[in-house]
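The number in my numbering is simply the position in the sequence shown, starting from 1, with 72 added.
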Amino acid sequence: MSRFVCIHGHFYQPPRENPWLDYVQTQPSARPYHDWNARITAECYQPNATSRILDEKGRIAAISNNYSRISFDFGPTLLSWLERYAPDTYQSILNADRESMQRFSGHGSAMAQAYNHVIMPLAPREDKDIQVAWAIEDFRKRFGRNPEGMWLPETAVDTETLEVLAERGIAFTILAPHQAARVRRTDEQAWQDAHQSGVDPRVAYRCPLPSGRSISLFFYSGAISHELAFGRLLDSGEDFANRLLDGFNPENDHGQLVHVATDGETYGHHHPHGDMALAYALQRVQESGAALLTNYAAFLAAHPPEYEVQILENSSWSCVHGVERWRSDCGCCTGAHRDWNQRWRSPLREALDQLRKDALSASSQLASGLFSDTRRAVEDYISVILDRSAESVSAFLEANCTPTGKSNAVEPLRYMELRRHLQLMYTSCGWFFDDLSDIGAVQIMGYAARAMQLVRDMAGKDLEESFLTNLENAASNLQEAGSGRDIYESLVHPTIVNVSRLGAHYAIDSLFEKPAKKSQIYSYDAERDLLETARAGKVKLAVGRVQLFSRLTRERTILGFGALHLSDQVLHCGVRPFSSEEQYRGMRDEAMGAFHSADFAEVLRVLDRQFGETTYSLKDLFGGVQRRIIHNLFEAILRDIENAYRRIYTEHAAMMRYLPHIGVELPDSFKRAAEYVINLDLERLFQHGPPDLGRLRTLLGEVEALHVHLDEPRLEYGLRGTLEEAMEALRDAPGEISHLEAVHGWLDVVDLLPFRVKLWNVQNLYHFMRRAGAIAAEAPQDQGGSDKAALAAAYDALGKRLNFSPR
């Protein structure tokens with residue numbers, strides 16, 4: 073066989089973690105999911121690990137792990153998130169690479185990716201080395217082998233970047249066809265202009281480098297890739313397969329590779345059900361006999377390059393101007409706001425470049441005293457990024473630090489975190505979108521803020537004012553957003569976390585829920601030392617002491633606190649270290665004495681006197697804790713609102729039902745009451761078992777009679793979770809008939825609803841149970857053959873309801 077097909081997916085999301093907490097906070101635009109990583113995992117990353125192949129009747133004939141049959145790269149920062157929050161999908165990705173090695177002659181389909189999606193031609197040589205070194209070690213740790221290829225962010229390339237790849241043992245990368253400048257056969261002297269003659273994407277190319285090394289390059293099919301990403305090719309898996317097979321040169325009987333490369337999110341997120349079209353196309357190509365599936369490493373091993381190529385310097389796949397999209401107002405944008413300019417890009421990059429220079433200058437002398445070889449230590453720091461355990465940190469310090477550095481882990485780790493954030497602040501998404509106020513630019517300014525905080529802590533030098541002065545040259549297209557300084561001060565500065573704010577978070581939370589002796593606040597460990605609380609009606613006081621430990625820098629701080637909750641959202645909290653036990657006891661006695669005298673104004677004065685002007689309130693809490701406390705604070709109010717709406721709905725239900733019959737539209741106030749109550753009742757019905765079909769029919773009858781609008785995303789999300797829990801219980805006890813009946817019961821609920829419920833995970837669980845033989849489990853020994861037959865019949869019925877083909 074001389075014809076081969078390879079489909080490459082570049083799977084990536086920008087790092088979204090809070091730079092201080094190492095945690096992705098709630099993103100409302102991703103509703104009903106917590107954040108965009110979670111949403112895209114549900115829409116793309118997970119479906120491609122368990123993609124459906126349907127039979128002629130539209131039933132599930134097979135479930136396929138697409139990753140095992142394509143070429144792919146995943147951003148290391150995204151894999152880190154998947155490992156923590158979507159471990160099943162993460163494991164499927166690792167398994168797929170092992171399966172692909174068996175399928176493709178020992179060559180795995182996973183490629184590495186430059187660590188945090190930096191535009192490599194715009195990075196100084198030292199940062200290029202860090203990006204590649206971190207990417208390789210991250211890949212080794214996850215996939216258990218050395219990477220053969222590496223994806224360059226935005227396929228942005230220059231010769232120096234290729235030199236770094238080749239020097240580090242990377243055999244190949246993938247580029248867009250317009251990134252080839254000149255080509256020739258290896259046995260010819262004359263070069264041909266690739267922009268005039270075109271580059272043949274069906275062969276591999278050798279790119280000779282000035283150092284004497286070389287690297288292989290693949291140029292994907294631009295036309296087919298464009299149809300995939302921006303056209304309708306994924307509307308049909310059959311069409312996709314035929315388009316790939318039509319890409320071969322019929323006059324060439326040598327090894328040909330038809331290959332495409334797009335964002336991996338194309339298959340499911342950008343194009344719903346794109347994963348299914350991909351799965352079908354892969355099977356169709358495989359079964360056609362017209363070509364074989366392969367990956368780049370396998371093809372390269374069997375078909376060494378017979379052509380040489382020179383690249384177009386400083387070029388990329390998503391900017392026709394090269395790499396200008398990430399440093400100038402080149403005109404490339406998402407297209408959502410074509411009348412906007414991107415003149416902010418240059419001053420943003422210039423401000424970051426100056427910050428990098430100033431931060432390294434301010435910390436270089438400190439670093440020279442901490443590390444035996446600073447550059448080597450920075451590259452080796454990936455071992456700690458991947459494993460924050462005490463053992464990993466100790467091994468890093470032992471291998472890289474001078475005696476001074478080994479004596480105090482905090483300073484070496486602070487410096488390394490500085491270097492990490494100086495990388496993160498160049499993540500490409502900061503420039504890709506249309507405005508300086510977009511989330512990508514705000515995120516990288518957050519990394520810059522953390523870097524400046526670390527310089528201040530280590531070297532005592534404040535770089536913020538200089539940075540903000542430079543940001544004043546960057547202007548948003550939104551008049552209300554202002555300049556880069558304004559955006560930083562309004563959107564970044566409020567998110568900055570220091571140890572006092574962490575202590576305030578702990579203290580305020582203590583007013584509402586007593587913390588365990590040891591707990592976690594994202595990337596910090598908290599150990600309760602002392603805690604006393606007092607209550608007078610709705611007024612509460614918490615006084616105590618907590619020890620905070622950063623798992624990132626090993627800093628340890630002991631803080632005393634006092635927190636007073638007067639009413640509703642009125643909270644007052646002070647936090648600071650106390651130099652002595654006597655000093656802390658003095659604060660405690662003053663505050664508690666005033667509280668027990670019911671002199672709450674004096675309690676406030678004590679807190680102000682003891683803690684100074686740096687006080688905290690509800691707004692300083694983080695994420696989920698803030699929402700939980702707000703919910704608790706307003707629980708009684710929400711209960712009153714519900715009772716009011718329910719009273720209106722109940723007392724006037726007959727009138728509400730009557731008005732539509734005579735053609736009179738319900739008054740908005742009646743309709744809001746009905747919608748609030750019915751949606752709330754459905755949400756509660758879906759959260760608790762067993763399913764009450766009678767009650768469901770009654771509520772749905774009201775929906776139809778009153779023309780009530782259902783909050784479908786929220787209701788679907790809640791019911792789906794309940795159904796998945798029921799299926800997980802069945803998986804854990806497959807012979808338990810009551811669990812099987814519960815799943816059938818919840819599917820009865822699904823059948824009655826006027827909206828679709830996503831059964832993906834339930835189908836997956838059923839499929840894996842069937843594949844593992846769990847569905848054929850014997851009934852309990854004390855049951856007869858009729859019970860076994862009934863169990864088997866119920867499982868067959870479940871498979872049918874879940875749309876599986878009969879076995």
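Ideal placement from N, C-alpha and C gives every residue a C-beta, glycine not left out.
Cα-Cα separation between residue i and residue j, rounded to whole angstroms
i    : j    : result
K213 : S595 : 22 Å
A865 : R828 : 26 Å
P878 : F840 : 15 Å
V678 : I580 : 17 Å
A467 : V611 : 50 Å
L874 : V815 : 11 Å
L738 : A349 : 45 Å
Q97  : R522 : 17 Å
T334 : A121 : 17 Å
D854 : G871 : Because D854 carries a pLDDT of 46, less than 50, the predicted location of this residue cannot be relied on, and the following value inherits that uncertainty. Straight-line Cα distance between these residues: approximately 26 Å.
R75  : N137 : 23 Å
A851 : D804 : Because the pLDDT at A851 is just 43, under 50, the model does not fix this residue reliably, and the value given afterwards should be weighed accordingly. Looking at the two C-alpha atoms, the distance is approximately 14 Å.
G477 : T231 : 37 Å
R141 : S152 : 23 Å
T406 : D507 : 10 Å
E881 : Y656 : The structure shown does not extend to residue 881, since the chain spans only 73 to 879, so no value can be given for it.
F584 : D661 : 21 Å
A252 : P280 : 13 Å
G856 : A869 : Bear in mind that a pLDDT of 49 at G856, under 50, signals an unreliable position, so the model cannot answer this.
R410 : F505 : 12 Å
A134 : Y838 : 12 Å
Residue range of the unbroken alpha helix (DSSP H) whose run includes residue i
i    : result
F667 : E653 to H668
V229 : First-last for V229: undefined, no H or E at that position.
H493 : V482 to L496
Y379 : Per DSSP, Y379 belongs to no alpha helix (DSSP H); it is in the beta strand (DSSP E), Y379 to I383.
M841 : W832 to R843
I454 : I454 to L458
C-beta contact flag for residue i and residue j at 8 Å
i    : j    : result
Y117 : F83  : yes
L317 : V275 : no
T499 : N188 : yes
V514 : V564 : yes
K200 : T233 : yes
T227 : W398 : no
A553 : W416 : no
V392 : Y277 : no
V647 : F633 : yes
I15  : A606 : For residue 15 there is no data in the structure shown, the boundaries of the chain being 73 and 879.
L771 : I750 : yes
A608 : S582 : no
I112 : Q85  : yes
V395 : W92  : no
R256 : Q268 : no
Residue i - containing beta strand (DSSP E), residue span
i    : result
Q414 : Neither: Q414 is in no beta strand (DSSP E) and is coded neither H nor E.
C501 : Unbroken run through C501 is the alpha helix (DSSP H), C501 to F504; no beta strand (DSSP E).
M530 : Run containing M530: none in the beta strand (DSSP E); it sits in the alpha helix (DSSP H), I511 to A531.
T334 : Q328 to D335
A252 : A252 to R257
G81  : R75 to F83
S123 : S123 to L126
Q185 : A182 to Q185
Inter-residue CB distance, residue i and residue j (contact presumed, cutoff 8 Å)
i    : j    : result
I242 : P225 : Actually they do not touch by this definition, with Cβ atoms about 14 Å apart.
L329 : C501 : About 31 Å; that fails the 8 Å criterion.
M192 : F144 : Going by Cβ atoms, the distance from M192 to F144 rounds to 20 Å, so no, they are not a contact pair.
Y352 : G309 : 3 Å
N833 : E776 : Their Cβ separation, rounded to whole angstroms, is 29 Å, which puts N833 and E776 out of contact at 8 Å.
R41  : V821 : No answer is possible for residue 41: the residues shown for the chain start at 73 and end at 879.
Q163 : A186 : About 24 Å; that fails the 8 Å criterion.
K590 : D597 : 7 Å
Strand pairing of residue i, partner residues [DSSP]
i    : result
F758 : DSSP lists no partner for F758.
Y117 : For Y117, which the question treats as bridged, DSSP gives no partner whatsoever.
H644 : L636
P280 : S286
K965 : The shown model of the chain, from 73 to 879, leaves out residue 965, and the question about it has no answer.
Q264 : V255
R26  : No statement about residue 26 is possible, as the shown extent of the chain runs from 73 to 879 and does not include it.
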